[in-house]
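Peer 1: In terms of our numbering, the sequence shown opens at residue 8 and continues consecutively. Every residue gets a Cβ at the ideal spot worked out from N, C-alpha and C, and that includes glycine. Quantities reported herein were computed from a predicted structural model and do not represent experimental measurements. The following block contains the structure, expressed as structure tokens.
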Amino acid sequence: MRSIVRLVLPLFLCTAGHVLAQVQPPAVRPVFHGTLQLLPASGRIDRRTGSTTLVVSRWTFIPNPDSNGMHPEQEPVLIALGDDSFLIGGGALHVSHGGRLFTYHGPRPQHGRGV
Numbered sequence: 008m009r010s011i012v013r014l015v016l017p018l019f020l021c022t023a024g025h026v027l028a029q030v031q032p033p034a035v036r037p038v039f040h041g042t043l044q045l046l047p048a049s050g051r052i053d054r055r056t057g058s059t060t061l062v063v064s065r066w067t068f069i070p071n072p073d074s075n076g077m078h079p080e081q082e083p084v085l086i087a088l089g090d091d092s093f094l095i096g097g098g099a100l101h102v103s104h105g106g107r108l109f110t111y112h113g114p115r116p117q118h119g120r121g122v
């Protein structure tokens, strides 16, 4: 029994150290203001330029009782679709129509994918 402990303990410590070294803190700590339900969205892609427009309508937002409100034009916004995610920094969204419409125009990527 003692020989098994001598073998397993160093192996565990080496493995735990390797796993702990890979953990990275998130860039932005998420704040959950509520639940957003969306119906299927529509959009278009210009294959020549790579420009994409995504239109989401008929949203239903149910705020958490302890939320202090949402301000997408001031706070960072994380967009995640499947395994891909994109962080829009605070202040990057443009607000119009009395706070009912938010737009973002990302920089054109030099290489690879972009938003």
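#1: May I ask which residues mark the beginning and end of the beta strand (DSSP E) holding residue 60?
#2: Find out if the Cβ-Cβ distance for the pair residue 96, residue 83 is shorter than 8 angstroms.
#3: For a test of your reading of the model: does the CB of residue 115 fall under 7 angstroms from any non-hydrogen atom of the ligand SAM? Yes or no.
#4: Tell me whether residue 11 sits in a helix, a strand or coil according to DSSP, three-state version.
#5: Under the DSSP definition of a beta bridge, which residues are partnered with residue 41?
#6: Measure the C-alpha to C-alpha separation of residue 71 and residue 46 and round it to an integer number of angstroms.
#7: Go to residue 50, then tell me how far its beta strand (DSSP E) extends in each direction, as first and last residue.
#8: Could you compute how far the alpha carbon of residue 69 sits from the alpha carbon of residue 43?
#9: What's the gap between the Cα of residue 110 and the Cα of residue 53?
#10: Identify whether residue 101 lies in helix, strand or coil by the three-state DSSP scheme.
#11: Would residue 1 be called buried (16 or more neighbouring beta carbons within 10 Å of its own) or exposed?
#12: Apart from the five residues on each side of it in sequence, which residues of its chain come closer than 7 angstroms, Cβ to Cβ, to residue 40?
Peer 2: Let me spell this out:
#1: The residue given as residue 60 occupies position 53 in the sequence shown. 59-62 is the extent of the beta strand (DSSP E) around residue 60.
#2: Within the sequence shown, numbered from 1, the residue matching residue 96 stands at position 89. Within the sequence shown, numbered from 1, the residue matching residue 83 stands at position 76. Going by C-beta atoms, residue 96 is nearer than 8 angstroms to residue 83.
#3: Among the components of this structure there are no ligands whatsoever, and the ligand SAM is therefore not found.
#4: Residue mapping note: residue 11 aligns to position 4 of the sequence shown, counting from 1. Confidence in residue 11 is poor, its pLDDT being 41 and thus under 50, which makes the residue's placement too unreliable to answer from.
#5: To locate residue 41, count along the sequence shown from 1; it is residue 34. Residue 41 pairs with 70.
#6: Position 64 of the sequence shown holds residue 71. Position 39 of the sequence shown holds residue 46. Taking the straight line joining both Cα atoms gives about 20 angstroms.
#7: The residue you call residue 50 lines up with position 43 of the sequence shown. According to the DSSP assignment, residue 50 belongs to the beta strand (DSSP E) that extends over 49-52.
#8: In the sequence shown, the residue the question calls residue 69 occupies position 62. In the sequence shown, the residue the question calls residue 43 occupies position 36. Their backbone Cα atoms lie some 7 angstroms apart in a straight line.
#9: By one-based count along the sequence shown, residue 110 stands at place 103. By one-based count along the sequence shown, residue 53 stands at place 46. Distance between the alpha carbons of residue 110 and residue 53: 18 angstroms.
#10: By 1-based counting over the sequence shown, the position of residue 101 is 94. Strand.
#11: No answer is possible for residue 1: the residues shown for the chain start at 8 and end at 122.
#12: Your numbering for residue 40 matches position 33 in the sequence shown. By the criterion of a C-beta distance shorter than 7 angstroms, residue 40 is surrounded in its chain by 70, 71, 74 and 77, once the five residues flanking it on both sides are discounted.
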